[in-house]
Structure formats: C-alpha cells, structure tokens
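Okay, so the sequence shown: first residue is 692 according to the numbering used here, each after it adds one.
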Amino acid sequence: MDKRYDVIIIGSGAGGGTLARQLAPSGKNILILERGDWLRREAENWDAEAVFEQNRYVSPETWYDRHGRAFQPQVHYFVGGATKLFGAALYRLRREDFGELRHHDGISPAWPITYEELEPYYTRAEQMYHVHGLRDRDPTDPPASAPYPCEPLSNEPRIQQLFEDLTAAGYHPFPAPCAVMINERNMAYSTCIRCRTCDGFPCLVHAKADAEVVAVRPALEFPNVTLLRNAKALRLETNADGTAIAEVIAEVGGEREAFRGDIVVVSCGAANTAKLLLMSANDKHPNGLANGSDQVGRNYMFHNSQAVLALSRERNPTMFQKTIALNDFYFGMDGFEYPMGNIQMIGKSLGPMYRGEKSLETALLPMRLLDDIARHALDFWLSTEDLPDPENRVTVDSAGNLTLSYTPNNQVPKQKLYEKLKSMLGRLGMHPGYLIPRNIYMKTDIPVAGCAHQAGTCRFGTDPKSSVLDPNCKAHELDNLYLVDTSFFVSIGAVNPSLTAIANAIRVGDHLLHRLA
Ligand SMILES: Cc1cc2nc3c(=O)[nH]c(=O)nc-3n(C[C@H](O)[C@H](O)[C@H](O)COP(=O)(O)OP(=O)(O)OC[C@H]3O[C@@H](n4cnc5c(N)ncnc54)[C@H](O)[C@@H]3O)c2cc1C
Ligand code: SF4
692 MDKRYDVIII GSGAGGGTLA RQLAPSGKNI LILERGDWLR REAENWDAEA
742 VFEQNRYVSP ETWYDRHGRA FQPQVHYFVG GATKLFGAAL YRLRREDFGE
792 LRHHDGISPA WPITYEELEP YYTRAEQMYH VHGLRDRDPT DPPASAPYPC
842 EPLSNEPRIQ QLFEDLTAAG YHPFPAPCAV MINERNMAYS TCIRCRTCDG
892 FPCLVHAKAD AEVVAVRPAL EFPNVTLLRN AKALRLETNA DGTAIAEVIA
942 EVGGEREAFR GDIVVVSCGA ANTAKLLLMS ANDKHPNGLA NGSDQVGRNY
992 MFHNSQAVLA LSRERNPTMF QKTIALNDFY FGMDGFEYPM GNIQMIGKSL
1042 GPMYRGEKSL ETALLPMRLL DDIARHALDF WLSTEDLPDP ENRVTVDSAG
1092 NLTLSYTPNN QVPKQKLYEK LKSMLGRLGM HPGYLIPRNI YMKTDIPVAG
1142 CAHQAGTCRF GTDPKSSVLD PNCKAHELDN LYLVDTSFFV SIGAVNPSLT
1192 AIANAIRVGD HLLHRLA
C-alpha cells in the first residue's frame, strides 16, 4: 500500500469526519485513521436496556480522576465518533460567546475569531447536517445569513402545551435546532420515523445526521478518500528538526504501521487529542508536541450539565421530545446579573434508563414505579458554562494512562438555573417542587465520567505563549499539524458544542484547500 498521503485525518467524528467530507472533492489523497469500527446496525441500537444499562456502545476504557480513582469514561469509539450517540441538537454559540464574558466565577475569555468570521461556516454546517429550526424566535439568536435548511420539527401535544404555557407565562421558547432527516409533510417517504430512542442512542435507520452518515460515507464515495477502521494512532513522529510531523504511527488490526502525510490533522476528541500530543514527546518537544506553551491538556471543559425530570400532572406520551428550548436566562435574569445558561428538552426518558442510576430519588424505587415516573416525566437538559481553568487538565503517564483532573467551577449559576426552572413548574402543568436529577450521561458517582461535551485542552489563539494552535487551528510550533475536534475551544458557552466543531472543521478545510492548491 502507498502510505504517503496529502492529508491524514486521525478520528472520524464531528471534526474529522466533517473535514474529510469538505476535502474529498479536491481530489487530494486523503487517509482517515479511525480507532473504532462501524457501529453495527442491530436491534440493540434502540434497546434502552442495552444502551443505558449495559453501556453497549461505551468504550470499556479506564481513565483516572485527580485522586487517582479509576472510572469508565462515557466515550464512543466508532466511525462518526460521539455523534453516533448524540442528541442531534445543533446550536450556534451566541455571538457574545466569542467575546469576553464576565461570569459569576470569573472571565470566559474571548476567541481569536469573531462570530461574524464563523457565521458563513455555521450556515454551511447546518446545510451539511440537515438542521431543522426557525430563526429569530430566541432573543439570544445570533444573526444568520440564511434560514435553517429545514423547517422546524413539529411539537407533539404535551410539548406544544408546554410551549404555550411558557409563552403565556411571558417566556420565549423556540423550536430547538435539530439534525434528523425527517420529512414531516410526507412521513411515508421520511428516513426518520420520529421514534422514542434517539438522544443517546444510535439511529438504526441512519436517519440521524451524524458524522458517519452525512460526512464520512459521502466522503468515501470519492476514490481519493481511504478510511482505515480499527486503526488507532499511537504516536506522531516529527522530522529531525522537530518542525513538522513526518509519520503517524498507528496500530491497525493489531499491527504497528507508519503513515506519511503532507498535512496531519488530529481530531480524536478533546481528551484523546491531548493524550496523543503528550504521548508524542521527543527531544525537540520534550513536553509533548506543540506544547512549548505548556497548554496542551489544560483548560478542559465539559459544561455544568444537569439532566432533570419534572412530573407532569397529565401523562406525557411524547415520542420525540427534543423540539423546544429556552434561552431566556442564558445571560442571567433579574436579580442575578451573570450568565446562567440554556434549557432544552432531552430524549423522552424510559423506565430502564433510571435503573442503576445512583441518584437516591430514583435508585430506590421499584421498576413499575420507575415506569410510572417515565410515563409522567418531562425531561429537561440544563447547561451552564464551566470556565477554562488551567488546572482542569488531561495528563498522561509513560504507560499511556490518562488522568482527567477536574474541579468544578461556576456552580452558583448552575444552581440558579435549576431553581429557576423549579420555580416555574407550577405554572407549566407540572407538580410544583419536583425536579429530579436524572444522571443519564453521567451514570456513575464520578461526574468527570460524563465527558460527552468535552472541549478545550488545545485552545487556539494568536499568542504562542498562551495557546497551542493559531487562529487557523494549525499548531504554532509545527508546520503541518492541525486540530479540528473540540479541543480548539477557548470557552464552551452554554449550548451543545458539535455545530461549532463542524463549522470550524469546514473553515479549516477551506484554509487547507487553499494551502494545498
Ligand atoms: C450521548 C451524547 C449526546 C450528545 N448530544 C449532543 C447534542 O445533542 N448536540 C451536540 O452538539 N453535541 C452532543 N454531544 C457531543 C458531541 O457528540 C461531541 O461534542 C462531538 O462529537 C465532538 O466531536 P469531536 O470531533 O471533538 O470528537 P468525536 O466526535 O468524539 O470524534 C473523535 C473520534 O476520534 C476517534 N479516536 C480517538 N482516539 C483515536 C486514536 N488514537 N486514533 C484514531 N482515532 C481515534 C474516536 O473513535 C472518534 O471517532 C453528545 C455526546 C454524547 C456522547
Ligand atoms: S428519531 Fe429519527 S433520527 Fe432519531 S433515532 Fe429515531 S429514526 Fe433515527
């Protein structure tokens, strides 16, 4: 096999998969190295017990927390990466998120690019990922150059009621941006069947606009793109001067192989990208590749998230619940001047999802009661920004063990958001005062295991002393190394991160096309 490529992309998720799709028509010789395999289409894709109780699609890997305690991170190694399991809520960051924002616990720093610079790529990202939505219903919506490519999803009756109740109470709910390939005007011809097992599940019928379906598979239709599955990058070797990556060393089906590329793009997810750079230390880069700033692995963020359920007075038979959201408290509220975050619906909970969870409120109840709770539950996802802290970091020992040291910050606005929603329930047809934590993405006692929204670790910036990447996401210290996963984030905002990673991958793709021309 000819092992020299124009571009090698390591990791095929939101960042890497999208980049491959963006570069594919160029005719350049592109190799994707993906440590996972295809996620098998099988009945278990939509089986709550298999997915949530038995962790069927979670890697059996072990990471360590700052106390050295082992935990199983909620990571998913497949073609398409974490997007195979994602909830397909594809939000733009708010325009203000790109500037410096004062939070309760300190400053959320400015990005080296403005919202306006990323805006055209957000539009292209929404088009590539078939995002449904409606602009300008949300007062915090940033300006956009085009409407959403697909009309908003309809609300099922209980959610429509919630929408109306929220509106009547003076709030501004809006249709949640959602990346599923549904044709509600003609369901007989729709790929998406609007099922109950979407958020946190793989899509059995490939109707979710995940990175495998809308990016990697279309990229592979071009003869110049090669995907190697079960190919785990172990190390990046530089040239003798240490100025560029010369080889990618990978384990492919148990064998060690070397690949050479003019451009090497790492997109392994924020934690694993930092690990790969740190593991690749050599004489010229003794602290790890691109780490003269000592920033590689630092500033890990993953949102202060809360999955909660409220008990509706009437039953909630909703199938697809994730159709509305609320940003009225994104930047604060009367009496609290700091940003609080986003409220959105998450996938409808089912009895088996609660089983095995550690929260006392649910774990002690028998199954039939859990089923009854599920029948009445309205499920919310609350996201508050966690601030970048250099001590919240990924480190690796010589054996390759990954430690994720994380101390929570910005907890007051998280609590305020929770209390605010709780105080609203009585006016929204729900039992006042019952807002129950539902630790779906964080199924263990160790919150760091819930790393679905991991970001940071290799921030981009203009100053090589305080950032790992330049504004094009090229490593300051290496001529041909780029990163396009969520590791480049300077701050994480309070909306889901994928669309920003996707838009940035398209942006970096344009830069690479120019460079390779
Ligand atoms: C259950 C769940 C629900 C979510 N819901 C949403 C949502 O609704 N909206 C949203 O915006 N975000 C959501 N997310 C988060 C979203 O999926 C991630 O932010 C996004 O996928 C990150 O993209 P990435 O490219 O950084 O990493 P990933 O998409 O995880 O891709 C990394 C890839 O690199 C591969 N890899 C890792 N190490 C190596 C190696 N050494 N060699 C080769 N390959 C390697 C992995 O197998 C993987 O394919 C959710 C995540 C989860 C888990
Ligand atoms: S709701 Fe649609 S996209 Fe989601 S899993 Fe079901 S069929 Fe797939």
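Virtual Cβ for every residue (Gly too), placed ideally from N, Cα, C.
According to DSSP, is residue i helix, strand or coil?
i, result
"Ile723", "strand"
"Arg1059", "helix"
"Trp729", "coil"
"Gly1209", "Residue 1209 lies beyond the range of the chain shown here (692 to 1208); nothing can be said about it."
"Ala941", "strand"
"Asp856", "helix"
"His1122", "strand"
"Ala910", "helix"
"Gly952", "strand"
"Tyr748", "coil"
"Asp1215", "Outside the displayed range of the chain (692 to 1208) lies residue 1215, so it cannot be described from this structure."
"Leu844", "coil"
"Lys694", "coil"
"Ser1096", "strand"
"Thr753", "coil"
"Gly1147", "strand"
"Glu928", "strand"
"Thr917", "strand"
"Tyr1109", "helix"
"Lys1134", "Reliability of the predicted coordinates at Lys1134 is poor, the pLDDT of 37 falling under 50, and the value obtained from them is presented with this limitation in mind. Coil."
"Ala922", "strand"
"Glu1168", "coil"
"Thr1086", "strand"
"Asp1201", "helix"
"Lys899", "strand"
"Ala715", "helix"
"Ala1192", "helix"
"Arg947", "strand"
"Pro1155", "coil"
"Phe1071", "strand"
"Pro868", "coil"
"Pro1128", "strand"
"Tyr862", "coil"
"Ala1208", "coil"
"Ala734", "helix"
"Phe743", "helix"
Assuming residue i and residue j make a contact with CB atoms under 8 Å, what is their CB distance in whole Å?
i, j, result
"Gln1012", "Ile850", "6 Å"
"Lys719", "Leu1207", "6 Å"
"Cys1164", "Asn1195", "7 Å"
"Val1199", "Tyr1173", "6 Å"
"Pro1043", "Ala711", "Contact flag wrong, Cβ pair sits at about 36 Å."
If you drop the 5 nearest sequence neighbours on each side, which residues of the same chain put their C-beta closer than 7 Å to that of residue i?
i, result
"Pro1162", "Pro803, Ile804, Phe1151 and Thr1153"
"Pro811", "Ser836"
"Ala941", "Leu724, Ala922, Lys923, Ala924, Leu925, Glu948 and Phe950"
"Leu895", "Arg732, Asn736 and Trp737"
"Gly944", "Asn921"
Please go through the same chain and pick out, in chain order, the residues whose beta-carbon is closer than 6 Å to the beta-carbon of residue i, but skip the five residues on each side of it.
i, result
"Thr888", "Trp737"
"Asp901", "Gly771, Thr774 and Lys775"
"Gly797", "Leu1078"
"Arg786", "Tyr806 and Pro833"
"His897", "Val904"
"Gly707", "Ile700 and Ser958"
"Ala779", "Cys869, Ala870, Val871 and Lys899"
"Gly1256", "Given that the chain is displayed from residue 692 to residue 1208, the structure contains no residue 1256 and the question cannot be resolved."
"Phe769", "Gly727, Leu730 and Lys775"
"His1144", "Phe993, His994 and Pro1188"
Residues in the same chain with beta-carbon distance under 8 Å from residue i, minus the five sequence neighbours each way, listed in chain order, please.
i, result
"Tyr1125", "Ala1001, Leu1002 and Leu1116"
"Ala741", "Glu735 and Arg747"
"Met1024", "Met1031, Lys1107 and Lys1111"
"His821", "Pro840, Cys841, Ala870, Val871, Met872, Ala900 and Val905"
"Arg757", "Thr1094, Leu1095, Ser1096, Tyr1097 and Thr1098"
"Ile1137", "Any reading at Ile1137 needs caution, since the residue's pLDDT is 44, under 50, leaving its predicted position unreliable; the model's value is listed next. For Ile1137, where only same-chain residues beyond five positions count, the Cβ hits under 8 Å are Asp756, Arg760 and Phe762."
"Pro800", "Glu791, Pro1079, Val1181 and Ser1182"
Measuring from the CB of residue i, is there a heavy atom of ligand 3 at a distance below 7 Å?
i, result
"Ala1166", "Questions concerning ligand 3 fall outside what the structure shown contains, since the ligands it does hold are ligand 1 and ligand 2."
Kindly provide the ranges of any alpha helix (DSSP H) runs that are 4 or more residues long and lie completely inside the stretch 766–838, ordered along the chain. 806–819
So does the stretch 694–703 actually touch the stretch 1177–1192, counting three or more Cβ pairs closer than 8 Å? Contact check between the stretch 694–703 and the stretch 1177–1192: fewer than three CB pairs, one atom from each, fall below 8 Å, which does not count as touching.
Scan the stretch 970–1050 and note each continuous beta strand (DSSP E) run of 3 residues or more that stays entirely inside, going in chain order. 989–992, 995–1003, 1015–1017 and 1033–1036
Below 8 Å, can you find three or more Cβ-Cβ pairs linking the stretch 815–833 to the stretch 865–879? yes
On the three-pair Cβ rule with 8 Å, is the stretch 999–1015 touching the stretch 1059–1079? yes
Is there contact here, the stretch 1025–1033 with the stretch 871–879, by at least three beta-carbon pairs under 8 Å? no
Do the stretch 730–749 and the stretch 978–991 make contact, defined as three or more Cβ pairs closer than 8 Å? With a cut-off of 8 Å, the stretch 978–991 and the stretch 730–749 do not count as touching, because too few Cβ pairs lie within range.
For the stretch 965–974 against the stretch 1094–1105, are there 3 or more C-beta pairs whose distance is under 8 Å? no
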